[in-house]
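Read the structure below first, then the notes.
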Amino acid sequence: MSLREAPGIRLQWSKVGTAGLPSNAAQYDGELIIDGVRDSDAGQYRCTASGDHQFATDDATLDISSAKQDGGGPPLVMVDPREQTVNENEPATIRCWVPGLTTCELTWHKEEVGGSLPYGVYQSGGVLKIPRAQLQDAGNYICTARNEYGVGKSPPARLNVNRRKFCGSLLLS
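Sequential numbering from 651 applies to the sequence shown in my numbering.
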């Protein structure tokens with residue numbers, strides 16, 4: 651039988667060194683629940699069990715590990731190549747990746763974050779694929795990567811598309 655199930659036992663949580671609990675903390679059925687944990691919530695918490703002629707305490711320490719302390723943060727996003735030139739109707743690909751991470755959500759955009767990809771241009775994993783480059787496909791492409799710390803943005807990858815050259819002449823009679 652746990653203390654929560656024991657008849658006549660009351661559990662009360664407090665933060666050691668302060669009066670009561672942080673404003674984002676609540677007690678429910680003997681459990682301490684801290685919503686939206688902040689750095690200021692770090693510290694020692696005490697659970698006091700009391701009943702008829704009984705009294706016991708136990709402490710628990712809450713350590714906060716922030717993204718900056720972990721070396722975490724939005725991903726550093728890389729693209730390759732940074733610039734390429736293809737002829738009209740030729741294929742082009744640009745690769746996006748985050749060094750050292752495999753669990754990021756990668757998304758390609760044209761010209762700006764949120765910009766939609768042109769018709770026929772698509773992404774497969776972290777690779778932007780342009781099966782038959784058209785003049786309107788030319789421009790800057792940006793890759794974003796999302797992890798638990800936020801969204802990182804690549805430097806732009808520039809795609810240049812050369813107009814198709816025609817040789818010969820057309821005779822009209």
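Even glycine gets a Cβ: it sits at the ideal position worked out from N, Cα and C.
### Message
Three Cβ pairs or more, each shorter than 8 Å: is that satisfied between the region 782-801 and the region 747-760?
### Response
yes
### Task
Would you mind giving the Cβ-Cβ distance between V777 and T735, rounded to the nearest angstrom? I have them listed as a contact below 8 Å.
Numbered from its first residue, the sequence shown carries residue 777 at position 127. Numbered from its first residue, the sequence shown carries residue 735 at position 85. Between T735 and V777 the Cβ distance is about 18 Å, and since that is not below 8 Å, they are no contact.
#### Entry: S774, buried or exposed, once every other Cβ within 10 Å from all chains shown has been counted against 16
Mapped onto the sequence shown, residue 774 falls at position 124. With fewer than 16 other Cβ atoms within 10 Å, it is exposed.
### Message
Give the list of continuous alpha helix (DSSP H) stretches no shorter than 4 residues that lie fully inside the region 707-780.
### Response
none
### Task
Look at T711 and Q694 and say whether their C-beta atoms are less than 8 Å apart.
Here residue 711 corresponds to residue number 61 of the sequence shown, with the count starting at 1. Here residue 694 corresponds to residue number 44 of the sequence shown, with the count starting at 1. Cβ distance < 8 Å, so T711 and Q694 count as in contact.
### Message
Let's see if you can read the secondary structure: which residues bound the beta strand (DSSP E) around L785?
### Response
Mapped onto the sequence shown, residue 785 falls at position 135. No beta strand (DSSP E) contains L785, which DSSP labels as neither H nor E.
### Task
Assign D709 to one of two classes, buried (16 or more other C-beta atoms within 10 Å of its C-beta) or exposed (fewer than that).
Here residue 709 is taken as the residue at index 59 of the sequence shown, counted from 1. By the 10 Å Cβ count, D709 comes out exposed.
### Query
Quick one, are the C-beta atoms of L767 and V748 less than 8 Å apart?
The residue you call residue 767 lines up with position 117 of the sequence shown. The residue you call residue 748 lines up with position 98 of the sequence shown. No, these two residues do not count as a Cβ contact at 8 Å.
### Task
Check the DSSP bridge columns for T668 and list the partner residues they point to.
For the purposes of this step, residue 668 is taken as the residue at position 18 of the sequence shown. T668 pairs with nothing; no bridge assigned.
### Message
Quick check: what's the CA-CA separation for N674 versus P806?
### Response
Translated into the one-based positions of the sequence shown, residue 674 becomes position 24. Translated into the one-based positions of the sequence shown, residue 806 becomes position 156. For N674 and P806, the distance between alpha carbons rounds to 41 Å.
### Query
Start and end of the beta strand (DSSP E) containing E681?
Position 31 of the sequence shown, counted from the first residue, corresponds to residue 681. 681-684 is the span of the beta strand (DSSP E), which, as asked, contains E681.
#### Entry: Under the three-state DSSP convention, the category S673 falls into
Along the sequence shown, one-based indexing puts residue 673 at 23. Coil, per DSSP.
### Message
Using C-beta distances below 7 Å, list every residue in its chain close to V687, excluding the 5 sequence neighbours before and after it, in chain order.
### Response
Residue 687 sits at position 37 when you count from the first residue of the sequence shown. Hits under 7 Å: I714.
### Task
Could you have a look at L809 and say whether DSSP puts it in helix, strand or coil?
Residue mapping note: residue 809 aligns to position 159 of the sequence shown, counting from 1. If DSSP states are grouped into helix, strand and coil, L809 belongs with the strands.
### Query
To which residues of the same chain is A699 closer than 6 Å at the C-beta, ignoring the five residues directly before and after it?
What you label residue 699 is simply residue 49 of the sequence shown in a count that begins at 1. Once the five neighbours on either side are set aside, the close Cβ partners of A699 are L653, I659, L661, A706.
### Message
Going by C-alpha to C-alpha distance, which of A783, L671, V666 sits closest to D685?
### Response
Looking up residue 685 in the sequence shown gives position 35. Nearest C-alpha to D685: L671.
### Query
According to DSSP, is S700 helix, strand or coil?
Your numbering for residue 700 matches position 50 in the sequence shown. Strand, per DSSP.
#### Entry: N-terminal and C-terminal residue of the beta strand (DSSP E) that K803 is part of
Working through the sequence shown from its first residue, we reach residue 803 at position 153. Run containing K803: 800-803, per the beta strand (DSSP E) assignment.
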